[in-house]
Each structure stands twice: as C-alpha cells, then as structure tokens.
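Q:
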Amino acid sequence: MAASVAALVALLAVLATAQPAAAHGVLVRSDPQDGGMVVEGRTRLMLWFAEAVDLRGSTFLLHTADGDPVDVTASISADGDGVVELETTALGRGIYVLDWRTLSIADGHTTDGSLLFGAGVRPDVAPAAASTWPGWDALLSRWLALSGLLVAVGAVAVTGRVLEAARLPAAGAVRRALLLGAAACGVAVLGAVGEALQRTPRAAEGTTSWLAAVVANVVGTRWGQLWCWHAAALVLAAGLLAAAARGRSPLPPSRAAAAGALLVAATTEVLAGHVAGSGGLLAETVAVLASSAHLLAAGTWLGSLVVLAVCLLPVALRTPGRRRLLLHGAWRAFSPLAAASSLVVLASGLLLLGRDLPDLAALRDTSWGLAATGKVAALVAVLGVAAFSTLAVHPRSEVWLARAPHRLQALPAASRSRFPRLVGLELACLGAAVLLAAVMTSVATAQQQREVEATPTARSATVDGLFLSFEQVPLSSRESRVVLRINPLVRPQPGPVTGSDVMLVGPGGTATTVTLAEVEEGHWEATAPTPGAGRWTSWIAVERRGAPDAVAPVSWTAAGDPDAGPFATPALAVALALLAVGAAAALVVRRRRPTASVLARQGSRTVQSGRHEVSR
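Going by mature numbering (1 follows the signal peptide of the UniProt record, and there is no 0), the letters in the sequence shown line up with residues -18 to -1, 1 to 598, in that order.
Quick look at the structure:
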C-alpha cells in the first residue's frame, strides 16, 4: 500500500512540474522563402518554427552552391521562441543553401531540412522537398523504447492469476516473467538513451563537447525533464521486478510498486510526445488520458502475449500431452484481461486517430497516415490470428463446431498442433504494429502537417507602377508579423519610398493601423495583433517623396485556432459506444458466471481429461 501511494505521489509530481509538449518543430515559414531571392549584401535570415527551438541542440550551416561555407550566428528572435534569427556576412551574388537541424524544447523531437535561395539571382532549380521519414537509427531506438515498456507492463499484468492458472510450477513461471519484465525495462532505458543521443547533433569540436550538449539538452529542456522522470521510473521498475524475482522482497508489494513506476513511465512517455500541447485544456487532457490508456492497455494485451509465449511455449513444446491443459488454464485467466485491454486499445486508438486525421487523403499522403494504416492492418491481423488460436484453447470449441461441416470440426485439433506457429505469427504482427507505432510517434501527425501546409501565403497587388507583396504570419496567439515587399515595375519611379502603413480591417469592421519599418531595400516589416478567424482586408499605403501615396487593398481569409479534425466527434462517439458495449458485456458475463462449486467440478473434469491425455 505504501509503495502504491509513493508511486501515485511521484506521478502527481510529474504532472505538476512538467508542461505538455507541443507539435513537432516543423519549419512554418522562412525569409527568404525556399527557392526565393534576396538582395545582394543581405546579412539576416529568419526562420519560423512551429514550436520553441533549443539552440544548444540545433545547427544551422550556410554554404554556397559550390560548397564554400559561410559564417552564421544563430539567436532566438524577440518575436518568439520559435523564431530563429541568423546573422551572416554580407552575401555576394550567387546561390546559397542553408541546412538546418533543430531540437524542440517542448518534446525533444528533431527536425531537419534545407533552404535554397539566391542573392541577387533567383535559383534556376526547384527546391528539394524535406523528408518527414525518421532515420532508421532513430526508429530503432524508438521501437526499443516502446517494446520494452509494453513487455514490462505485460510482465506485471500476468504475474498474478494468469500464470497461476497455467498449472505450472508457480515459482519458476513467475520468476521467469519477473526477470523478463526487468530485462524489458532495461531495453526501454537503452532505447530512451539512444533517443537522447540522436536528438543532439554531433559537435564539430569533438566528443567531449557533444556529450556536454547531450547533458545540457536533457537537463535544460522540458522534454529532458520528462526524459529524466521516464528513465528513473524504468530503472526503479527494473530494480523492483529483479528483487521480486530473486525473492528479496514479497511479490505483491513489489508488483504494486513496479506497476506504479510503470504508470509514471507511461505517463511521461505520453507527455514527452506530440499528443499534448495542441488545443485547449480539455482537449489536451482527453488526449493525454486516451494516449496513456492506449499505451497501458497495449502493454496489458500485447506485452502479456510476449511474456506468456516465453513462459508457456517451451513447456508446451517439451510436454505435448500437457499442452491442452496448460493452454486452457492460461486462456481462461488471460482471456478476460485480453478482451478488456484490446477493447481499450481499439477505443482509445479510434479517439486519437479521429483527433489527428484531417481528411481521408492524409492516410496515403503523409508518413503518419501510412504508418497509421499499417498499424491498423497489423492489429487486425493480430485479432484474426488470436481468433483462430482460440479454437485450440477454448474448452467448448468442439461443442460449438459439433454441428458444423466435417472440415470445420477438425479445426480445434489442428489449431492445437499448430499453436506454436500461430503464436509466432501473432508475435510477428505485434512487432510490426509496435514498429509502425514508433513511426507515428516520431513524425508530425497528419493534422499538424495540414496546418503547416495551410500557412497563409503572400497576397499581391499592383498600384501606380509598384508590385506589392503582403503577408501576415502569426507568431503566437496574440502577435503576428506583417511583411511587405515593394518592387517597382517601371523605372524611373516618381520618387523614392519613404514609408509604408497598413490598415487592417477585420470581419466586424474594426480597424488597426500599423507602421512598418524598412528592414532592407524593398522589404518592410512590423508586428501586429494576430488576426482572428474571418475575412480581412489590408489597406496598404506606400509613401513616396515628391509623389502621392500609392494605396491598394489586399483581402484574405484568416483561420482561427486550429480545431480538431472532422473525424474527432464521430471517433469519440464510436469509442464511447465500444466501451459501453464492452461494459455491458462484462456485466452479462459476470451475472451468468457459474458458481464456485460448478467451477470446481469443471476444473476437476479438465484435470482428469488432461491426465487421460498424458497417460495416452
């Protein structure tokens, strides 16, 4: 009891001190634009990312098309933590490439890409599209971290009645399960360490400075703080499971404490991902709870299958005569747990899928959508193999198929003979599902990708021999940046441009006037309130010496705060309906459950049947 209370206190401390993570730090906008052009002598470049950037774990390398490096100094702009300002030497005429790799302060994810632009000349090649697929080394670390956590949860789940019902030597089976759980925690820690190392770019100064950067990222970021809680919880769970396996502590308290530590590990795993931080408080809370339930239920279902396979299959293969008795006992105890956890996995998975799916086309157009489709297919395959395997262990399978065709009547016996192969196939499908889940948690969601693609583009107008390009980019929920580029279409101009103002007229008719400052020749900027949702009109006034002001209107439609996808509400309704059906089914089964005396007689007949098979 005291161990469980301590684990609950630790979990509350995590929730109180950690801030939810936001979306991946994808590049929202850049100045210059990818494939764009700046004037010769430019000394400042700007990058807008979807979330705050940690410069200690980020790199920005600028070089010419011939590979000659250009000195760059990066700093966080006063416009926001997600705005990076790069100071360079005066750029001469030519083509340049900026290679960037950023580390998110919130969730520790890294993103990288390249920016192609010209100074005094426009690039004559198309910019390369940035890849959203994670590297195989990062994917392997992610897979190890998730697999280890799931198996550890499964080890705790089956060390109670499930292994006892298998009628094996209790001490040996439980000991193997506990040791397997401790080893799985070690694998999860190994994967977490790999993720921390890969999320810090290699320092040019050497290994010592790189390791110092790794430590700085872990200690100095919100993601790093969650990572420390996560790793500490896994180490604690590993120690508790190993101590229980060696008999140094009683099983029930150690098992409860290990379960509490794994609860902390699962919660910090969710908070360090991109599930949290997008939407309001209620939406974030629902997403975190659903994702935590999804992870723990997957461990109870999928991780338990791995543990049972390791503990039971060797015995079943060595003693074919005991196979039916062994599998029947384990199935009878595990099937309610598997049914409940698989239902939670399905309901929470549907809820999260509906939340992050903007449209059906995203299932094939984005890396996240492809991984989600593959994960669903893998889980469907697992359910199909599990249904077929049930024929081998269900005590009434022969009764159900007694009136079926002759070929179907032989299925139970065939299933028992092929049961090890079926379990192997099921575990392979589970491994594929976890691998695809690792992909989904390593890339931006489809909803986040659509939001980046929907970033407002520049609007243009032509007035009195001037070509005006206007853009208003949100920096936060309150502030945005107004960018105006003025290019003459005819020469000579009536007079040089001396200033520019923009009057922003909102949907309700309210007007706000901002005065822009010249950043470089033909490039003017200012900060303004972030426009709300609706139709906006910007009246641009360009002041010229010795000539009347040039005034032109530019209209655009601003989107409000990003909402949940169109499938969020239907997915929530279906998920709640599934849980309601599952709860009703559980109540029906509980009411129709045989009495203790009937169970005793059934168990006696099962044992006698198993002994008869052994004697034969």
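The C-beta atom is built at its ideal place from N, Cα and C for all residues, glycine as well.
Buried or exposed for serine 324, going by 16 or more other Cβ atoms inside 10 Å?
A: It counts as buried.
Q: What's the gap between the Cα of alanine 291 and the Cα of valine 133?
A: Those two C-alpha atoms are separated by around 12 Å.
Q: Counting only runs of 3+ residues fully inside the region 495 to 544, write out the beta strand (DSSP E) ranges in chain order.
A: Listed in chain order, the complete beta strand (DSSP E) runs (minimum 3 residues) inside the region 495 to 544 are 505 to 511, 516 to 526 and 529 to 540.
Q: If I measure Cβ to Cβ from threonine 465 and keep anything under 6 Å in the same chain, skipping five residues before and after, which residues do I get?
A: Looking at the sequence provided, one finds valine at residue 465 rather than threonine. Only Glu453 and Glu507 meet the Cβ criterion.
Q: For proline 530, which residues of its own chain have a beta-carbon under 6 Å away from its beta-carbon, when the five flanking residues on both sides are left out?
A: So no residue of the chain qualifies.
Q: Of the choices Thr423, Leu417, Ala321 and Arg460, whose alpha-carbon is the least far from that of alanine 368?
A: Alanine 368 has its Cα closest to that of Ala321, out of Thr423, Leu417, Ala321 and Arg460.
Q: Please confirm whether alanine 240 and valine 138 have their CB atoms less than 7 Å apart.
A: Yes, the pair counts as a contact, with Cβ atoms nearer than the cut-off.
Q: Check whether the region 551 to 569 and the region 346 to 361 are in contact - that is, three or more C-beta pairs closer than 8 Å.
A: The region 551 to 569, when compared against the region 346 to 361, does not touch it at the 8 Å Cβ threshold.
Q: Check for me: the alpha helix (DSSP H) holding glutamine 207 runs from which residue to which?
A: Per DSSP, glutamine 207 belongs to the alpha helix (DSSP H) from 204 to 227.
Q: Can you give me the C-alpha to C-alpha distance between glycine 331 and threonine 250, rounded to a whole angstrom?
A: Roughly 19 Å separates the two Cα atoms.
Q: Looking at C-alpha atoms only, which residue of Ala60, Asp50 and Val21 is the closest neighbour of serine 462?
A: The candidate whose alpha carbon is nearest that of serine 462 is Ala60.
Q: Any chance the region 116 to 136 sits against the region 23 to 34, with 3 or more Cβ pairs inside 8 Å?
A: At 8 Å Cβ cutoff, the stretches do not touch.
Q: Can you check the region 314 to 362 for any alpha helix (DSSP H) of at least 4 residues that lies completely inside it and give the ranges in chain order?
A: DSSP runs (the alpha helix (DSSP H)) wholly in the region 314 to 362: 344 to 347.
Q: With a CB to CB cut of under 8 Å and the five nearest residues on each side skipped, what residues in its chain are close to arginine 460?
A: Result list for arginine 460: Pro511 and Thr512, in chain order.
Q: Any idea if alanine 426 is buried or exposed, counting beta-carbon neighbours within 10 angstroms, 16 or more meaning buried?
A: Label assigned to alanine 426: buried.
Q: Identify, in the order they occur along the chain, each residue of the same chain with its Cβ nearer than 8 Å to the Cβ of leucine 581, setting aside the five sequence neighbours on each side.
A: Confidence at leucine 581 is low in this model, with a pLDDT of 42, below 50, so the placement of that residue is unreliable and no value is reported for it.
Q: Verify whether the separation of the beta carbon atoms of alanine 415 and leucine 361 is less than 7 Å.
A: Contact flag set, yes.
Q: Quick check on DSSP: helix, strand or coil for proline 235?
A: If DSSP states are grouped into helix, strand and coil, proline 235 belongs with the helices.
Q: Here's the rule I'm using: 16 or more other beta-carbon atoms within 10 Å means buried, otherwise exposed. How should serine 273 be labelled?
A: By the neighbour-count rule (16 or more Cβ atoms within 10 Å), serine 273 is buried.
Q: For serine 537, count the other beta carbons within 10 Å of its own beta carbon; 16 or more makes it buried, fewer makes it exposed. Which is it?
A: Counting Cβ neighbours within 10 Å, serine 537 comes out exposed, since fewer than 16 surround it.
Q: Among the residues of its own chain, which have a CB less than 7 Å from the CB of threonine 577, if the five just before and after it don't count?
A: Residue placement at threonine 577 is flagged as unreliable, the pLDDT there being 46, under the threshold of 50; the coordinate-derived value follows with that caveat. If we look at threonine 577 and ignore the five residues flanking it on each side, it has no Cβ neighbours.
Q: Identify which residue in Leu284, Glu69 and Ala165 has its Cα closest to the Cα of leucine 216.
A: Per the Cα distances, Ala165.
Q: For arginine 314, count neighbouring C-beta atoms within 10 Å of its own C-beta (all shown protein chains included) and say buried if the count is 16 or more, exposed if not.
A: Label assigned to arginine 314: buried.
Q: Excluding sequence positions up to five away, which residues of its chain have a Cβ less than 8 Å from the Cβ of valine 533?
A: Val445, Trp521, Ile522, Ala523 and Val524, listed in sequence order.
Q: Taking its Cβ as the centre, do 16 or more other Cβ atoms sit within 10 Å of proline 474, making it buried, or is it exposed?
A: Proline 474 comes out exposed.
Q: Tell me whether glycine 516 is buried or exposed, calling it buried when 16 or more other Cβ atoms sit within 10 Å of its Cβ.
A: So glycine 516 counts as exposed.
Q: By DSSP, does glutamine 429 sit in helix, in strand, or in coil?
A: Three-state DSSP puts glutamine 429 in a helix.
Q: Quick check on the burial criterion: 16 or more other C-beta atoms within 10 angstroms. Buried or exposed for alanine 178?
A: When all chains shown are included, alanine 178 counts as buried.
Q: In angstroms with no decimal places, state the Cα-to-Cα distance between alanine 238 and leucine 222.
A: Looking at the two C-alpha atoms, the distance is approximately 10 Å.
Q: Under 7 Å between the Cβ atoms of alanine 219 and leucine 244?
A: Closer than 7 Å, so yes.
Q: Would you list the residues sitting across from isoleucine 58 in a DSSP beta bridge?
A: Beta-bridge pairing links isoleucine 58 to Val66.
Q: Can you check DSSP and say which residues form a bridge with glycine 100?
A: Partner(s): Met19 and Ile77.
Q: On a CA-only basis, which of Thr492, Thr495, Leu412 and Arg467 is nearest serine 286? Give me that one, please.
A: Checking every option, the nearest Cα to that of serine 286 belongs to Leu412.
Q: Leaving aside the five residues before and after alanine 420 along the sequence, list all residues of the same chain whose C-beta is less than 7 Å from its C-beta, in chain order.
A: Cβ neighbours of alanine 420 beyond the five flanking positions: Leu121, Arg124, Trp125 and Leu128.
Q: Just confirm the distance between the C-beta atoms of glycine 356 and leucine 409, as a whole number of angstroms; I'd bet it's less than 8 Å.
A: Not quite, the Cβ-Cβ distance comes to about 17 Å (not below 8 Å), so this is no contact.
Q: Look at glycine 100 and methionine 19 and say whether their C-beta atoms are less than 7 Å apart.
A: Their beta carbons are under 7 Å apart, which means glycine 100 touches methionine 19 by this criterion.
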